[in-house]
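Counting in the numbering used here, the final residue of the sequence shown is number 382, and the numbers go up one at a time with none missing. Cβ atoms here follow ideal geometry from the backbone N, Cα and C, with glycine treated the same way.
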Amino acid sequence: MNSATRSEREIVHCFRGRPQLTRAEIQELTGFSRVTVSQGIQSLLNRRIILETDGAASHGGRKASHLSLNENSGFVGIVYFSATSVSIAIANLKGEILNSQTSKISIEDGPTKILPESIAQIKEIFKSIPKAKRLGIVVGVPGPVSHTLGKVVSPPIMRGWDGINFQKEFTDALGIPTYLENDANLLAFAEHHLVYPDIENMLLVKVATGIGSGMILNGQLHRGSSGSAGDIGHMQLDALKGLPCRCGHTDCVESFASGWALTEKLNVLGYKVKDTSDIADLCRKGDTKILRLVTEASSYIGHAVADAVNLLNPSKVVIVGRLVEATDLVLATVKEVVYQRAGALATKNLEIVGSELGDDLALLGSAQLGLDRFFYLDTRN
Ligand SMILES: [Zn+2]
2 MNSATRSERE IVHCFRGRPQ LTRAEIQELT GFSRVTVSQG IQSLLNRRII
52 LETDGAASHG GRKASHLSLN ENSGFVGIVY FSATSVSIAI ANLKGEILNS
102 QTSKISIEDG PTKILPESIA QIKEIFKSIP KAKRLGIVVG VPGPVSHTLG
152 KVVSPPIMRG WDGINFQKEF TDALGIPTYL ENDANLLAFA EHHLVYPDIE
202 NMLLVKVATG IGSGMILNGQ LHRGSSGSAG DIGHMQLDAL KGLPCRCGHT
252 DCVESFASGW ALTEKLNVLG YKVKDTSDIA DLCRKGDTKI LRLVTEASSY
302 IGHAVADAVN LLNPSKVVIV GRLVEATDLV LATVKEVVYQ RAGALATKNL
352 EIVGSELGDD LALLGSAQLG LDRFFYLDTR N
């Protein structure tokens with residue numbers, strides 16, 4: 002789309018969330034003249050970015066042809082890191098995930114080992130796509146992201162990755178634009194775009210190895226002035242009585258309630274757990290000691306969410322993560338604490354729910370964000 006004119010880009014943008022349009026509808030949506038719309042559409046048809054099909058007969062008896070995006074005219078690459086895995090995928094213009102593979106990693110093995118492997122994997126997956134159709138790459142990471150620099154900055158659960166310039170690494174290797182985004186922001190973006198497009202203010206909380214959140218405020222992803230907005234895992238609670246956190250501070254919600262903190266605690270108690278997935282498995286088996294600990298952890302998360310609800314007044318809070326899927330206790334406890342602690346007006350229209358999208362949430366969110374960044378007009382999302 003780099004070679005497209007401004008009016009062509011505006012025509013393409015009309016298809017955001019609309020599978021089919023007629024020329025008249027495009028004219029109405031853009032406010033362009035009939036000639037401008039006609040020329041723009043012809044150019045997009047010639048390049049097969051949009052396709053034309055004959056529609057049903059209209060009242061006048063003449064058939065109005067329908068236009069739709071050619072979903073195979075552009076593709077977004079996705080590289081999504083969690084603390085314990087990396088998923089590589091491509092998505093078409095409809096945001097459908099066409100090809101994905103997930104490998105186990107430990108993010109703490111650092112960039113020297115993990116980054117070249119991920120670059121090789123995304124190169125491989127892009128091989129079948131002609132260069133002109135490669136729109137860009139979205140990289141998701143479980144840490145604070147400076148969007149202007151394309152780097153992670155002091156990431157507590159990504160030791161050794163501080164200052165790594167993902168944008169430069171991937172762009173240099175593949176020759177297409179790269180956009181780096183925090184994982185919770187991608188998840189919030191997915192839930193907002195695909196499940197709750199009409200919700201103006203919502204909060205998504207990811208409870209995993211770390212704890213983070215993504216915010217949609219006034220319909221837009223809110224990143225804050227330097228990209229660190231939503232760092233809910235490092236809100237501090239007196240009740241945690243000086244527990245050290247990986248960020249260097251004490252009393253953070255993460256220092257008790259995160260996957261890494263629970264893993265450390267359980268190993269001290271004599272369990273043998275590697276990560277959050279192991280704890281989720283024990284929850285499913287109904288281990289009462291673990292369930293008690295996860296409930297206590299959830300109450301601290303509830304404290305932080307209650308403060309966020311008071312501050313932001315969202316109408317929807319979505320809680321996601323392995324532990325949320327493993328036991329209803331997480332959601333139930335967070336709800337109980339939030340309704341106890343947050344103000345009456347803040348909770349009046351509030352719903353606290355799990356995810357509708359399940360395991361594909363991260364890739365779907367990355368695809369949607371990539372399309373906004375690299376294909377549609379930049380909507381600043
Ligand atoms: Zn912390």
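Could you spell out where the alpha helix (DSSP H) holding residue i opens and where it closes?
i, result
"Ile291", "Thr289 to Leu313"
"Lys114", "Pro112 to Phe127"
"Thr277", "Thr277 to Arg285"
For residue i versus residue j, is the C-beta spacing smaller than 7 angstroms?
i, j, result
"Val310", "Ala333", "no"
"Thr402", "Asp360", "This structure does not reach residue 402, given that the chain is present from 2 up to 382, and the question cannot be answered."
"Ile217", "His193", "yes"
"Ser256", "Leu241", "yes"
"Gly75", "Leu94", "yes"
"Leu378", "His67", "no"
"Ser367", "Gly144", "no"
"Gly231", "Gly215", "yes"
"Ser83", "Pro20", "no"
"Gly371", "Val335", "no"
"Val274", "Thr264", "yes"
"Val38", "Arg49", "no"
"Pro157", "Arg247", "yes"
"Ala281", "Arg323", "yes"
For residue i, count the other beta carbons within 10 Å of its own beta carbon; 16 or more makes it buried, fewer makes it exposed. Which is it?
i, result
"Glu297", "exposed"
"Asn186", "buried"
"Thr348", "buried"
"Gln369", "buried"
"Thr179", "buried"
"Ser129", "exposed"
"Val269", "exposed"
Give me, in chain order, the residues of the same chain whose beta-carbon lies closer than 6 angstroms to that of residue i; leave out the 5 immediate sequence neighbours on both sides.
i, result
"His148", "Gly228"
"Thr31", "Glu11"
"Ile98", "Ala90, Ala92 and Leu364"
"Glu357", "Val196"
With hydrogens ignored, establish whether the beta-carbon of residue i is closer than 6 angstroms to any heavy atom of ligand 1.
i, result
"His235", "yes"
"Glu255", "yes"
"His304", "no"
"Cys15", "no"
"His193", "no"
"His250", "yes"
"Cys246", "yes"
Below 8 angstroms CB to CB, which residues in the same chain sit around residue i once its five sequence neighbours on both sides are set aside?
i, result
"Gln102", "Ser88, Ile89, Ala90, Gln122 and Ile126"
"Val354", "Lys317, Val318, Val319, Ile320 and Leu332"
Counting only the same chain and skipping the five closest in sequence on each side, list residues whose C-beta sits under 7 angstroms from that of residue i.
i, result
"Lys169", "Gly151"
Span of the beta strand (DSSP E) holding residue i?
i, result
"Tyr180", "Thr179 to Asn183"
"Leu136", "Arg135 to Val142"
"Ile91", "Ser86 to Ala92"
"Ser214", "Ile212 to Leu218"
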